[in-house]
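Taking it in order: structure first as structure tokens, then the write-up.
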Amino acid sequence: YEGNLLALAQALERLALLWPDGKLTLPRVEQAVNDAAHFTPYHWVDALLAGKSKRVLHVLQQLRLEGCEPAILLRTLQRELLLLVTLKRQSTHTTLRSLFDKHRVWQNRRQLLSDALARLSGEQLRQAVTLLTRAELTFKQDYGHDVWPELESLSLLLCHKALADVFIDG
Numbered sequence: 001y002e003g004n005l006l007a008l009a010q011a012l013e014r015l016a017l018l019w020p021d022g023k024l025t026l027p028r029v030e031q032a033v034n035d036a037a038h039f040t041p042y043h044w045v046d047a048l049l050a051g052k053s054k055r056v057l058h059v060l061q062q063l064r065l066e067g068c069e070p071a072i073l074l075r076t077l078q079r080e081l082l083l084l085v086t087l088k089r090q091s092t093h094t095t096l097r098s099l100f101d102k103h104r105v106w107q108n109r110r111q112l113l114s115d116a117l118a119r120l121s122g123e124q125l126r127q128a129v130t131l132l133t134r135a136e137l138t139f140k141q142d143y144g145h146d147v148w149p150e151l152e153s154l155s156l157l158l159c160h161k162a163l164a165d166v167f168i169d170g
């Protein structure tokens with residue numbers, strides 16, 4: 001609620017309505033704030049790059065509940081994933097700083113990308129591209145198919161959580 005006193009006042013009123021007994025514990029406040037939070041696909045990608053699996057899954061769930069189109073998530077992730085692959089390949093003979101400048105990566109994104117590059121191997125990035133490709137093809141060819149499980153698998157893989165080969169090899 002940085003700089004948004006109206007939103008803070010509304011949140012406090014909501015808490016008073018949710019718990020009229022006046023007993024506001026930290027877990028109650030955290031639950032109410034997290035459930036009321038509005039996320040964008042960029043919040044999801046930032047959590048992915050940071051490797052925060054619990055936050056990633058929470059943001060993804062909220063995006064799904066808000067009716068976010070999977071196509072938007074797929075496209076947003078595709079852009080970041082291809083940048084990671086490119087940076088990983090080129091970083092063997094060029095400094096990350098030079099690569100960030102070359103690819104016009106904003107200063108506030110550089111640490112997130114650096115952390116992701118340090119955490120993820122080339123093989124994990126390859127697996128993520130494979131999963132992303134499969135999810136996108138499924139989404140475009142069979143519009144009725146639910147791609148949210150694939151988005152969850154991708155999320156966990158990019159947070160460096162081991163996935164069963166059945167998800168990757170299909």
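So the sequence shown is numbered by this note's numbering: it starts at 1 and just counts up by one. Every residue gets a Cβ at the ideal spot worked out from N, C-alpha and C, and that includes glycine.
For residue j and residue i, the rounded distance between their alpha carbons
i             : j              : result
leucine 117   : leucine 6      : 39 Å
glutamate 69  : glutamine 141  : 15 Å
glycine 170   : glutamine 78   : Residue placement at glycine 170 is flagged as unreliable, the pLDDT there being 47, under the threshold of 50; the coordinate-derived value follows with that caveat. If you take the alpha carbons of glycine 170 and glutamine 78, they lie about 20 Å apart.
lysine 102    : leucine 137    : 31 Å
tryptophan 44 : glycine 144    : 23 Å
threonine 130 : leucine 65     : 26 Å
serine 155    : serine 91      : 24 Å
arginine 28   : tryptophan 106 : 36 Å
aspartate 165 : serine 53      : Confidence at aspartate 165 is low in this model, with a pLDDT of 46, below 50, so its placement is unreliable and the value that follows should be read with caution. Whole-angstrom Cα-Cα distance: 19 Å.
asparagine 4  : glutamate 13   : 15 Å
glutamine 124 : valine 85      : 10 Å
Best match in the options for proximity to residue i [C-alpha to C-alpha]
i              : options                     : result
glutamate 30   : Thr40, His43, Ala11, Asp46  : Ala11
arginine 109   : Arg28, Ala50, Ala32, Ala16  : Ala50
isoleucine 72  : Ala135, Lys23, Phe100       : Ala135
tryptophan 148 : Gln90, Lys102, Leu87, Val56 : Val56
arginine 104   : Leu83, Tyr42, Leu63, Arg119 : Leu83
leucine 157    : Gln107, Arg126, Tyr143      : Arg126
histidine 38   : Pro20, His58, Arg28, Val85  : His58
arginine 75    : Ser91, Phe139, Leu18, Leu15 : Phe139
Boundaries of the alpha helix (DSSP H) in which residue i is found, first to last residue
i             : result
valine 56     : 53 to 65
tyrosine 42   : 41 to 50
lysine 23     : Unbroken run through lysine 23: none, as it is neither H nor E.
threonine 95  : That residue, threonine 95, is in no alpha helix (DSSP H); it is neither H nor E in DSSP.
aspartate 115 : 107 to 119
arginine 104  : No alpha helix (DSSP H) holds arginine 104; DSSP gives it neither H nor E.
glutamate 136 : 122 to 141
valine 85     : 70 to 90
Contact check, residue i vs residue j, beta carbons under 8 Å
i            : j            : result
leucine 99   : leucine 81   : no
leucine 132  : leucine 60   : no
serine 121   : leucine 96   : no
leucine 63   : proline 41   : yes
leucine 24   : leucine 15   : yes
arginine 119 : histidine 93 : no
leucine 112  : aspartate 46 : yes
is_contact[residue i, chain B] using C-beta, thresh 8 Å
i           : result
leucine 157 : The structure shown contains no chain B; it holds only a single protein chain.
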